[in-house]
Amino acid sequence: MNMEKANFSEWYNDVIERAELSDKRYPIKGMNVWRPYGLKVIQRIDDLIREEMERTGHDEARFPLLIPKTEFAKEGEHIKGFDSEVYWVTHGGLNKLDVPMLLRPTSETAMYPMFSLWIRSHTDLPLKIFQIVNVFRYETKMTKSFIRVREIHFFEAHTAHRDLEDAEAQIKEDLEILRRFATKLCIPYLVLKRPDWDKFAGAYYTLGIETLMPDGKTMQLGSIHQYQTNFSVPYEIKYEDEHGEHRYAHQTTYGMSERLLGAVIGVHGDEKGIVFPPAIAPYQIVIVPILVKDKQEMVMAEAKQLRDKLLGRGYRVHLDDRDMRPGAKYYDWELKGVPLRIELGPRDIADRKVVVVRRDTGKKAFVKRGVLWLHIQENLKGIERSLLKKAEERIFTGITEIGTIEEGKGKTGILKMHWCGAEECAREVEVGLEFTILGTPYAEQRDHGRCIHCRKKTDTVVFAAKTY
RNA sequence: GGGCCCGUAGGGUAGCUUGGUCGAUCCUUGUGGCUUUGGGAGCCAUAGACUCCAGUUCAAAUCUGGGCGGGCCCA
1 MNMEKANFSE WYNDVIERAE LSDKRYPIKG MNVWRPYGLK VIQRIDDLIR EEMERTGHDE
61 ARFPLLIPKT EFAKEGEHIK GFDSEVYWVT HGGLNKLDVP MLLRPTSETA MYPMFSLWIR
121 SHTDLPLKIF QIVNVFRYET KMTKSFIRVR EIHFFEAHTA HRDLEDAEAQ IKEDLEILRR
181 FATKLCIPYL VLKRPDWDKF AGAYYTLGIE TLMPDGKTMQ LGSIHQYQTN FSVPYEIKYE
241 DEHGEHRYAH QTTYGMSERL LGAVIGVHGD EKGIVFPPAI APYQIVIVPI LVKDKQEMVM
301 AEAKQLRDKL LGRGYRVHLD DRDMRPGAKY YDWELKGVPL RIELGPRDIA DRKVVVVRRD
361 TGKKAFVKRG VLWLHIQENL KGIERSLLKK AEERIFTGIT EIGTIEEGKG KTGILKMHWC
421 GAEECAREVE VGLEFTILGT PYAEQRDHGR CIHCRKKTDT VVFAAKTY
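Taking this note's numbering, the leading residue of the first sequence gets 1, the next gets one more, and so forth.
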């Protein structure tokens with residue numbers, strides 16, 4: 001397989017199909033079938049999100065798929081941002097519905113009428129709810145597995161707070177969740193505050209979470225929004241404070257999707273296929289028995305014993321007992337990204353050892369059974385560390401600082417530049433370089449310079465890239 | 001949303017220009033069997049396709065139009 005930048009797209013489509021993650025032959029565009037192996041991975045990712053939500057006091061809920069048009073229409077900016085990409089349900093059986101319903105493109109308008117009923121007192125706040133469901137967006141025709149789909153596997157956390165300060169603290173917590181979570185996925189990222197013209201429909205401000213794909217384009221992995229009272233006013237989410245005053249809640253949201261999986265595949269993959277970080281690999285270890293004539297039963301019995309011991313230690317293990325040559329199995333599991341492979345044959349059994357092979361480096365180790373547990377533990381950790389380190393190096397070397405638009409011409413990856421904050425100057429950059437302005441770093445930083453276009457003095461830097 | 005390209009077994013393809021030679025090529029895959037297993041084994045037998053609809057024509061995989069699906073570029 002070819003991992004060259006020019007062929008990344010081909011490699012990506014090919015690897016997803018061959019590793020049996022997803023099948024895009026379902027006859028509706030942008031709605032792909034999750035095959036069992038792919039579903040295992042996304043469920044692992046969901047589990048990691050649930051762990052983080054649990055840790056930070058969010059409760060899981062589930063809201064209906066259908067939203068009445070009347071609720072959807074309450075917030076003006078929101079509906080403007082989405083109405084060109086919603087699927088409508090207009091009939092119930094043969095009867096035309098008086099109030100059409102839509103398939104949720106995101107769940108603000110499903111949740112907030114209920115929030116309005118649930119929140120009455122300041123003691124009901126903060127309210128921290130999340131759900132992991134499918135949402136539907138009639139996206140641009142250029143769909144791509146996990147990256148641009150019309151049925152989206154979506155995580156969305158929605159919070160309500162007594163004031164802006166508490167809502168801002170929530171966003172800090174979201175960033176901490178992101179840091180822990182991305183470390184397990186071994187995905188480096190940038191958090192950028194979107195320019196005003198590019199924020200989420202209805203948001204006060206939007207933070208985009210960006211990573212860099214091997215073809216030099218950035219991909220948005222998720223977003224965090226500060227709504228202030230933009231939704232609580234139309235949806236009447238009010239509470240009574242300690243003094244008997246009625247106040248509107250301040251709200252935030254945090255959303256991510258199966259793009260996380262797309263990023264893992266793209267960022268870590270190599271010419272052999274996928275490389276899964278141990279935290280999300282459906283199987284962390286695969287055992288390939290070497291079945292030589294006359295010793296098959298003995299080897300299988302040993303292999304099963306080893307599998308059970310590993311399962312007992314909490315690893316996700318698969319014993320590959322298919323009737324194939326070992327070499328064919330090696331290729332298959334390398335394609336599917338299993339972090340560690342254990343080979344077990346008659347010679348190993350005689351020597352009380354096994355062969356352990358790392359997916360990321362391909363390095364083979366002959367490991368005595370006595371130290372096997374330690375070896376596995378250390379190597380799974382080692383894979384996680386080295387995947388993250390390699391990916392970080394690539395994203396940082398992918399950032400180029402430029403002083404003039406001219407300087408950016410022909411560059412790939414992420415461009416960093418000073419910017420005065422005027423939309424006009426940003427547009428000049430977008431048109432001149434055919435890049436998209438991603439936004440300014442969320443973390444405050446003072447960095448004196450001059451605007452790339454109008455040359456005005458400024459402390460603000462902005463990032464731009466070609467995007468997914 | 002605008003533009004360009006594409007659609008032949010599960011996957012990849014030949015054939016399409018110039019309609020008839022197609023009862024459709026090759027590789028891979030599936031199934032049954034024999035044999036083998038420390039990096040994609042081999043042999044025998046067998047299965048499987050012209051995206052859909054309409055049109056042109058004596059005749060359509062091949063030409064025309066549309067639908068559906070796919071890929072890429074631009075917004």
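A virtual CB, placed ideally from N, CA and C, is assigned to each residue, including glycine.
These numbers were taken from a predicted model, which means no experiment stands behind them.
Once DSSP output is grouped into helix, strand and coil, what is the label at residue i?
i	result
Tyr468	coil
Gly439	strand
Val191	strand
Met111	helix
Thr106	coil
Gly93	coil
Ile224	strand
Arg247	strand
Leu306	helix
Arg394	helix
Lys293	coil
Tyr330	helix
Ile16	helix
Arg55	helix
Thr361	coil
Arg180	helix
Val354	strand
Tyr239	strand
Out of the options, state which residue places its alpha-carbon closest to the alpha-carbon of residue i.
i	options	result
Gln284	Ala201, Lys293, Ala303, Arg341	Arg341
Leu221	Arg120, Arg450, Val191, Gly76	Val191
Ile274	Pro339, Glu51, Val461	Pro339
Phe82	Glu108, Arg44, Asp294	Glu108
Leu291	Ile280, Phe276, Leu319, Leu310	Leu319
Cys454	Gly439, Thr404, Lys416	Thr404
Ser84	Asn32, Glu52, Thr140, Glu423	Thr140
His225	Val288, Lys381, Ala167	Ala167
Phe396	Thr211, Trp88, Gly93, Asp198	Thr211
Cys451	Asp332, Lys416, Phe435	Lys416
Trp197	Leu21, Glu77, Lys304, Gln296	Glu77
Gly439	Phe463, Glu428, Asp459, Lys457	Phe463
Ser116	Cys420, Phe231, Trp419	Phe231
Glu313	Glu10, Glu297, Trp373	Looking at the sequence shown, residue 313 is not Glu but Arg. Here the closest residue by C-alpha is Trp373.
Phe8	Thr252, Gly262, Gly337	Gly262
Please state if the CB of residue j and the CB of residue i are separated by a distance shorter than 8 Å.
i	j	result
Lys184	Leu39	no
Val431	Asp447	no
Gly398	Ile414	yes
Phe522	Gly30	Residue 522 lies beyond the range of the chain shown here (1 to 468); nothing can be said about it.
Ile171	Thr56	no
Thr159	Arg150	no
Thr229	Tyr205	no
Val267	Ala391	yes
Pro278	Ile187	no
Ile287	Leu311	no
Tyr87	Leu102	yes
Leu335	Arg18	yes
His153	Glu258	yes
Ile79	Ile237	no
Thr458	Gly449	yes
Assign residue i to one of two classes, buried (16 or more other C-beta atoms within 10 Å of its C-beta) or exposed (fewer than that).
i	result
Gly208	buried
Ile28	exposed
Thr123	exposed
Leu469	Nothing can be reported for residue 469, as the shown portion of the chain is limited to 1 through 468.
Glu343	buried
Arg322	exposed
Asp174	buried
Glu4	Note that Glu4 has pLDDT 47, beneath the 50 cutoff, so the model's placement of it is unreliable and no number is given.
Asp98	exposed
Ala6	Model confidence at Ala6 stands at a pLDDT of 49, short of 50, so the residue's coordinates are unreliable; what they give is reported in the following sentence. So Ala6 counts as exposed.
Asp241	exposed
Met324	exposed
Val33	exposed
Please indicate yes or no: does the CB of residue i lie closer than 7 Å to some heavy atom of the ligand SAH?
i	result
Lys141	The ligand SAH is not part of this structure, which contains no ligands at all.
Contact check, residue i vs residue j under 8 Å by CB: the rounded distance?
i	j	result
Ile402	Ile45	Wrong, their Cβ atoms sit about 35 Å apart, outside the cutoff.
Lys96	Thr467	Rounded, the Cβ-Cβ distance is 40 Å, inconsistent with contact.
Arg347	Lys368	So it is not a contact: roughly 14 Å between Cβ atoms.
Ala110	Lys128	So it is not a contact: roughly 17 Å between Cβ atoms.
Gly269	Val41	13 Å between Cβ atoms; not a contact.
Tyr105	Phe130	Per the sequence shown, residue 105 should be read as Pro rather than Tyr. Their Cβ separation, rounded to whole angstroms, is 17 Å, which puts Pro105 and Phe130 out of contact at 8 Å.
Ala365	Val356	5 Å
Gly362	Val299	About 24 Å separates the two Cβ atoms, so there is no contact after all.
Met219	Ile147	7 Å
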